[in-house]
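K.L.:
So the sequence shown is residues 1 to 368, counted in full-length UniProt numbering. Where is the CB? At the ideal position from N, CA and C, for every residue including glycine. For clarity, every value in this text was computed on a predicted model and none was experimentally measured.
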Amino acid sequence: MSETISVHLGDRSYEVHTGPGLLARAGQLIAPFAQSGRAFVITDHNVREHHGNTLTGSLDAAHLKHVTFSLDPGEQTKSFHGLEPLLSALLQANIARNDLIVAFGGGVIGDLAGLAAGLIKRGVPFVQIPTTLLAQVDSSVGGKTAIDMPEGKNLVGLVNQPRAVIADTSVLATLPERERRAGYAEIVKAGLIADAEFYAWCESHAQAILACDQQALSHAVAHAIRFKAFVVEADEMEQGERALLNLGHTFAHALEAHGGYTGQLLHGEAVAAGIALAFKLSAQLGICPEADAKRVIAHLQSIGFITDLRQLPGAPFNVDKLMALIASDKKAAAGKLTFILARAIGRAFIERDAPADVVRELLQQETQ
Ligand SMILES: NC(=O)c1ccc[n+]([C@@H]2O[C@H](COP(=O)([O-])OP(=O)(O)OC[C@H]3O[C@@H](n4cnc5c(N)ncnc54)[C@H](O)[C@@H]3O)[C@@H](O)[C@H]2O)c1
Ligand SMILES: O=C(O)C(=O)C[C@@H](O)[C@H](O)[C@H](O)COP(=O)(O)O
Ligand SMILES: [Zn+2]
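(1) Could you check where the beta strand (DSSP E) with Arg38 kicks off and where it finishes?
(2) Determine, using beta carbons only, whether Ala348 and Leu337 come nearer to each other than 8 Å.
(3) Considering only heavy atoms of ligand 3, does any lie closer than 7 Å to the CB of Glu186?
(4) In or out: Gln128 buried (at least 16 other Cβ within 10 Å) or exposed?
(5) Would you check whether ligand 5 has a heavy atom nearer than 7 Å to the C-beta of Ile326?
(6) Indicate, with yes or no, if ligand 3 has a heavy atom lying under 7 Å from the CB of Asp148.
(7) Have a look at the DSSP bridge pairing and note the partners of Gln92.
(8) Opposite His66 in the DSSP bridges: which residues?
(9) Who are the near neighbours of Ile193 in its chain, counting only those whose CB is closer than 6 Å to its CB and skipping five residues on each side?
(10) Is any heavy atom in ligand 1 found nearer than 7 Å to the beta carbon of Ile340?
(11) So what does Lys144 bridge to, in DSSP terms?
(12) Can you give me the Cβ contacts of Ile345 inside the same chain, cut-off strictly under 8 Å, excluding the 5 residues immediately before and after it?
(13) Contact check, Thr307 vs Ala272 under 8 Å by CB: the rounded distance?
(14) Which class does Ile345 belong to by DSSP, given the choice of helix, strand or coil?
(15) Within a Cβ cutoff of 6 Å, which residues of the same chain sit near Arg163, ignoring the five residues on either side of it in sequence?
(16) Using the three-state DSSP reduction, which class does Lys153 fall into: helix, strand or coil?
(17) Taking contact to mean 3 or more Cβ pairs, one atom from each stretch, closer than 8 Å, check whether the stretch 10-25 and the stretch 214-225 are in contact.
(18) With burial defined as no fewer than 16 other Cβ atoms inside 10 Å of the residue's Cβ, what is the status of Glu75: buried or exposed?
(19) Pairing CB atoms from the stretch 153-161 with CB atoms from the stretch 109-117, are three or more of them under 8 Å?
(20) Among Ile187, Ala39, Val231, which has the Cα closest to the Cα of Gly143?
(21) Quick one: does the C-beta of Lys121 sit closer than 7 Å to a heavy atom of ligand 2?
(22) Give me whichever residues DSSP pairs with Ser2 in a beta bridge.
(23) By DSSP, does Val124 sit in helix, in strand, or in coil?
(24) Can you round the beta-carbon distance between residue 370 and His258 to whole angstroms, since I take them to be within the 8 Å contact cut?
(25) On the criterion of 16 or more Cβ atoms from any shown chain inside 10 Å, does Arg242 qualify as buried, or is it exposed?
(26) Cα separation between Gly57 and Val7?
(27) Is Asp138 near ligand 3, with its Cβ less than 7 Å from a heavy atom?
(28) Suppose the cutoff is 7 Å on Cβ atoms and the five residues either side in sequence are ignored; what does the same chain contact list for Ala254 look like?
(29) Using a Cβ-Cβ cutoff of less than 6 Å, which residues in the same chain neighbour Asp329 once the five nearest sequence positions on both sides are dropped?
(30) Could you check which residue in Ala252, Gln239, Ala185 has the C-alpha nearest to that of Ala333?
(31) Which residue's Cα is closest to the Cα of Phe80: Ala61, Ala173, Leu119?
(32) Mind checking which residues open and close the beta strand (DSSP E) that includes Asp168?
(33) Rounded to whole angstroms, how far is the Cβ of Asp72 from the Cβ of His45, which I believe are closer than 8 Å?
(34) Between Met149 and the rest of its own chain, which residues show a CB-CB distance below 7 Å, the 5 nearest in sequence each way excluded?
(35) Please confirm whether any heavy atom of ligand 3 lies closer than 7 Å to the CB of Val165.
(36) Could you check if Asn246 belongs to the surroundings of ligand 2, using beta carbon to heavy atom distance under 7 Å?
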């Protein structure tokens with residue numbers, strides 16, 4: 001059930017190790033990247049409590065010196081407010097360019113620690129040890145790092161590739177069910193973008209994934225990582241096709257920013273609602289069969305996602321505010337809105353001039 005997937009990016013290439021029980025071997029796997037023999041572990045309090053000892057035990061076994069920085073859990077930590085004290089703490093601990101930063105946690109820790117690693121002393125190497133389903137299948141791979149801004153999600157960041165990723169699927173057993181479901185949104189996204197067969201597999205295995213069945217989980221995680229690696233290898237800096245990975249995200253990021261990143265609405269939950277909206281928009285524009293949109297929404301609802309904006313955490317949503325946030329999305333250019341739309345399940349494409357009046361009308365229908 002263990003697998004190693006290579007991400008081929010020239011001199012920034014790395015390996016993603018995935019499977020059960022890897023955390024106990026993490027020290028040995030990351031030691032080659034810690035030139036100084038020192039590891040600076042950045043984590044959050046929940047992850048430290050559940051899995052901190054396993055990681056530090058493995059660092060000891062690999063004769064790595066280590067210090068841990070444990071942050072408050074939650075999206076609000078992925079901000080200027082969270083970044084500044086982290087940079088100061090790393091500097092006060094005399095981090096050097098030949099040390100290694102270890103991002104040990106979910107996407108919040110991965111994005112924040114990866115950004116800190118890229119900024120501090122103009123770059124200290126880092127590895128990702130993702131501990132949420134979402135981080136294992138998506139955020140730990142591909143090098144996007146960022147903080148959220150009041151003006152929009154992930155608007156300040158760097159593309160900074162890790163030296164290695166270690167995704168131990170057995171740590172997901174302690175993850176709350178709501179967080180597992182949120183991670184599933186980024187798995188099913190892969191099928192919806194480009195692989196109708198994998199989407200159908202997801203429909204029949206979603207419950208097993210959510211129940212942490214190791215076989216279903218390992219298959220889903222490895223498949224999603226391979227897909228992400230394939231896309232990132234072709235377009236690391238998102239000059240073109242990498243934007244497909246943003247299916248559902250133009251809406252999702254606006255929904256998250258609308259509430260000020262309080263953590264009420266999880267990223268994966270916003271992505272599920274955003275995918276439902278992207279399929280509805282595609283159907284309304286006559287691009288996608290109505291039946292495909294209905295099938296996707298029915299599946300998302302069947303596993304407990306809320307796709308009705310009136311019921312979504314953070315409601316009520318103001319359409320003018322959502323439209324302003326959508327206009328400030330990173331993918332927007334020259335006043336035109338970019339959405340990832342779909343011709344069918346498994347056939348997503350990038351629409352760089354989506355009609356703002358149709359988007360507004362859809363949001364109005366969905367929020368009234
Ligand atoms: N860089 C990328 O490509 C990329 C991709 C997708 C999402 N993201 C970002 O990722 C973030 C969301 O990440 P997330 O969903 O992992 O949330 P998260 O990092 O907030 O983690 C979710 C919660 O689970 C807890 N937790 C983590 N691992 C645990 C474990 N094994 N057992 C028990 N509790 C555990 C955390 O403490 C936290 O409370 C968002 O900011 C999103 O924008 C980035
Ligand atoms: O890796 C990517 O590329 C993605 O778009 C993956 C997304 O799931 C993720 O949420 C990412 O952080 C969004 O990136 P952004 O550039 O739209 O902020
Ligand atoms: Zn995402």
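P.N.:
Quick answer:
(1) 38-44 is the extent of the beta strand (DSSP E) around Arg38.
(2) Not a contact, by the Cβ cut-off of 8 Å.
(3) It does: the Cβ of Glu186 is within 7 Å (strictly closer) of some heavy atom of ligand 3.
(4) Counting C-beta atoms within 10 angstroms of its own C-beta, Gln128 has 16 or more neighbours from the protein chains shown and is therefore classed as buried.
(5) This structure does not include ligand 5; its bound ligands are ligand 1, ligand 2 and ligand 3.
(6) It does not: the Cβ of Asp148 is nowhere closer than 7 Å to a heavy atom of ligand 3.
(7) Paired residues: none, contrary to the question.
(8) DSSP links His66 through a beta bridge to Ala39.
(9) Cβ-Cβ distances below 6 Å link Ile193 to Leu244, Leu247, Ala348 in the same chain, with the five nearest sequence neighbours on each side left out; the list follows chain order.
(10) Checking every heavy atom of ligand 1 against the Cβ of Ile340, none is found closer than 7 Å.
(11) According to DSSP, Lys144 bridges with Val159.
(12) So the qualifying residues of the chain are Gly191, Leu192, Ala196, Tyr199, Asp292, Arg295, Val296.
(13) Taking 8 Å as the upper bound for CB-CB distance, Thr307 and Ala272 are in contact here, some 7 Å apart.
(14) For Ile345, the three-state secondary structure derived from DSSP is coil.
(15) The answer, listed in chain order, is Tyr14, Phe33, Pro125, Val127.
(16) When secondary structure is reduced to three states using DSSP, Lys153 falls in the strand class.
(17) Yes, the stretch 10-25 touches the stretch 214-225.
(18) Classification for Glu75: buried.
(19) Judged by Cβ distances under 8 Å, the stretch 153-161 makes contact with the stretch 109-117, as three or more pairs qualify.
(20) Closest option to Gly143, Cα to Cα, is Val231.
(21) In this structure, Lys121 has its beta carbon at no less than 7 Å from each heavy atom of ligand 2.
(22) In the DSSP assignment, no residue is bridged to Ser2.
(23) Of the three classes helix, strand and coil, the one that applies to Val124 here is coil, per DSSP.
(24) With the chain covering only 1 through 368, there is no way to say anything about residue 370.
(25) With a 10 Å radius around the Cβ and a threshold of 16 neighbouring Cβ atoms, Arg242 comes out buried.
(26) Going from the Cα of Gly57 to the Cα of Val7 covers about 28 Å.
(27) Indeed, a heavy atom of ligand 3 lies less than 7 Å from the Cβ.
(28) So the qualifying residues of the chain are Leu322, Leu325, Ile326.
(29) Annotation for Asp329: Thr250 place their beta carbon closer than 6 Å to its own, counting only its chain and skipping 5 residues before and after.
(30) Looking at the Cα atoms, Gln239 is the closest of the given residues.
(31) Selected option, being the one with the closest Cα: Leu119.
(32) Counting along the chain, the unbroken beta strand (DSSP E) around Asp168 starts and ends at 164-168.
(33) Contact flag correct, Cβ pair sits at about 7 Å.
(34) Leaving aside the five residues that flank Met149 on each side, the residues in its chain whose CB is nearer than 7 Å to its CB run, in chain order, Leu155, Val156.
(35) False, no ligand heavy atom lies under 7 Å from that Cβ.
(36) Here the distance from the Cβ of Asn246 to the nearest heavy atom of ligand 2 is below 7 Å.
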